[in-house]
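J.:
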Amino acid sequence: MAGFERSRPFGLQGPLGPWRPLDRWLAGYACLCALMLGWGWVCGLPGLGSQALLDLAILATASALRRWSRDTRASLPTFLRLAFVPLCYWTFYHQVQDLWPLFHTAPLDGLLTRLDQGVFGCQPSLAFQPALPFRWLSELFCFAYFAYYLFVPVAFLGVLFRRGYVAAEHILVSTTATFFACYSFFWLFPTVGPHFWFPPHQGPRLYDGYLFNHLLYFLTGPGEIRGGAFPSSHIAVALLITLHARRSLPEVWPVLVVVTLLMFPAVVYLRAHFAVDVFAGILVGLGSYALTRTWVRA
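The working numbering numbers the first residue of the sequence shown as 497 and each following residue consecutively.
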């Protein structure tokens, strides 16, 4: 009997259907990456064929999740259809360093160092830490940088269980669009960041601190790529989520504000970004919020 039908999870009033806005963002970007990687493989660049197959596997998995969840009343497939997309961020981020050599023979960090020098009269990413060589300050900045990696799951899960599927989907569409826009720009304007640009050119090293320096190095030591510094997607997404959280998650909004404000100097102090990366990330975050706040408010 219709009166005994099971209600849909997470406040949904009807079936999800075969296509949602988030599905289109994932399918579009994965197809674009697969095509570019396939082109690179045909041109003889090693390792790009396997990366293209990985993107095709992502497309196949997303398609299976759409079929499984399009008219379900079960919580698991409904949840997985949303959660699968942020799980792909890591893969797409790391493919940036395979894609930008299709467009450039060398990174463009020299332009950013000249901009920093012209604006500040020095290289802030090199001068900041020696000017304030305090272990507690390094630990505080490591905490902020580490906490950034919790922004997406906290916002996604918090909004999902507090306001429902549609509101959580809007948050993820906004975040996904920002990430994918940054990743695409990284192909066209590749920069490796101070860790790799300045000697010893070896990427992140263990920062000074007590606990969070080790936790952050565990994440970033093997995980940073050569080619995703400008604009800072960390700053852009942290600012975007913080601004959305003012209405969507007022309980945690003050914490997100503090962490985001600490991140602005932290990424320069820890030599993850040039100073101009931060300003560009702020502009991207504000622009993304201006374009998406109406969706989330609805």
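Yeah, the Cβ is synthetic: ideal placement off N, Cα and C, and Gly gets one too.
1. Tell me whether the beta-carbon of residue 690 lies closer than 9 Å to the beta-carbon of residue 767.
2. Measuring alpha carbon to alpha carbon, tell me which of 737, 514, 779, 541 ends up nearest residue 565.
3. Residues in the same chain with beta-carbon distance under 7 Å from residue 793, minus the five sequence neighbours each way, listed in chain order, please.
4. Please classify residue 582: does DSSP put it in a helix, a strand, or coil?
5. Would you call residue 765 buried or exposed, if buried means 16 or more other Cβ atoms sit within 10 Å of its Cβ?
6. Go through the region 587 to 646 residue by residue and report every complete run of the alpha helix (DSSP H) that reaches 4 residues or more, in order.
7. State the start and end residues of the unbroken alpha helix (DSSP H) segment that holds residue 751.
8. Assuming residue 672 and residue 736 form a contact by the criterion Cβ under 8 Å, report the distance between their Cβ atoms to the nearest whole angstrom.
9. Within 8 Å, do at least three Cβ pairs link the region 678 to 687 to the region 636 to 655?
10. Helix, strand or coil for residue 688 per DSSP?
11. Does DSSP classify residue 694 as helix, strand or coil?
12. Is DSSP giving residue 547 helix, strand or coil here?
13. By Cβ distance below 8 Å, which residues in the same chain neighbour residue 715 in space, the five residues on each side in sequence not counted?
14. Suppose the cutoff is 6 Å on Cβ atoms and the five residues either side in sequence are ignored; what does the same chain contact list for residue 603 look like?
15. Quick check: the region 624 to 633 against the region 775 to 789, are there 3 or more CB pairs under 8 Å?
16. Per DSSP, what kind of secondary structure is residue 793 in: helix, strand or coil?
17. Assign residue 503 to one of three DSSP states: helix, strand, or coil.
18. Are the beta-carbon atoms belonging to residue 725 and residue 770 less than 9 Å from one another?
19. Quick one: is residue 600 buried, meaning 16 or more other Cβ sit within 10 Å of its Cβ, or exposed?
20. Let me know the secondary structure DSSP gives residue 512 once reduced to three states.
21. When the Cα atoms are used, what is the spatial distance from residue 638 to residue 567?
22. For residue 592 and residue 502, I'd like the C-alpha separation in whole angstroms.
23. Is the beta carbon of residue 556 closer than 9 Å to that of residue 534?
24. Tell me where the alpha helix (DSSP H) around residue 539 begins and ends.
25. Once DSSP output is grouped into helix, strand and coil, what is the label at residue 769?
26. Let's test the definition: count the other Cβ atoms within 10 Å of the Cβ of residue 698 and tell me whether it reaches 16, buried, or not, exposed.
27. What span of residues does the alpha helix (DSSP H) with residue 711 cover, start to end?
28. Helix, strand or coil: which one does DSSP assign to residue 702?
T.: Taking the geometry as given:
1. yes
2. 514
3. Residue confidence is low: residue 793 scores 45 on pLDDT, short of 50, so the model does not pin down where it sits. Its coordinate-derived value is still stated next. The residues are 743.
4. helix
5. buried
6. 605 to 616, 620 to 627, 631 to 644
7. 749 to 765
8. Not confirmed; about 11 Å, so no contact.
9. no
10. coil
11. coil
12. helix
13. 642, 645
14. 686, 687, 688
15. no
16. Interpretation of residue 793 is limited by its pLDDT of 45, a score under 50 that renders its predicted location unreliable; no figure is taken from the coordinates.
17. coil
18. yes
19. exposed
20. coil
21. 44 Å
22. 44 Å
23. no
24. Taken as a continuous stretch (DSSP letters only), residue 539 belongs to no alpha helix (DSSP H), as it is neither H nor E.
25. coil
26. exposed
27. 708 to 716
28. coil
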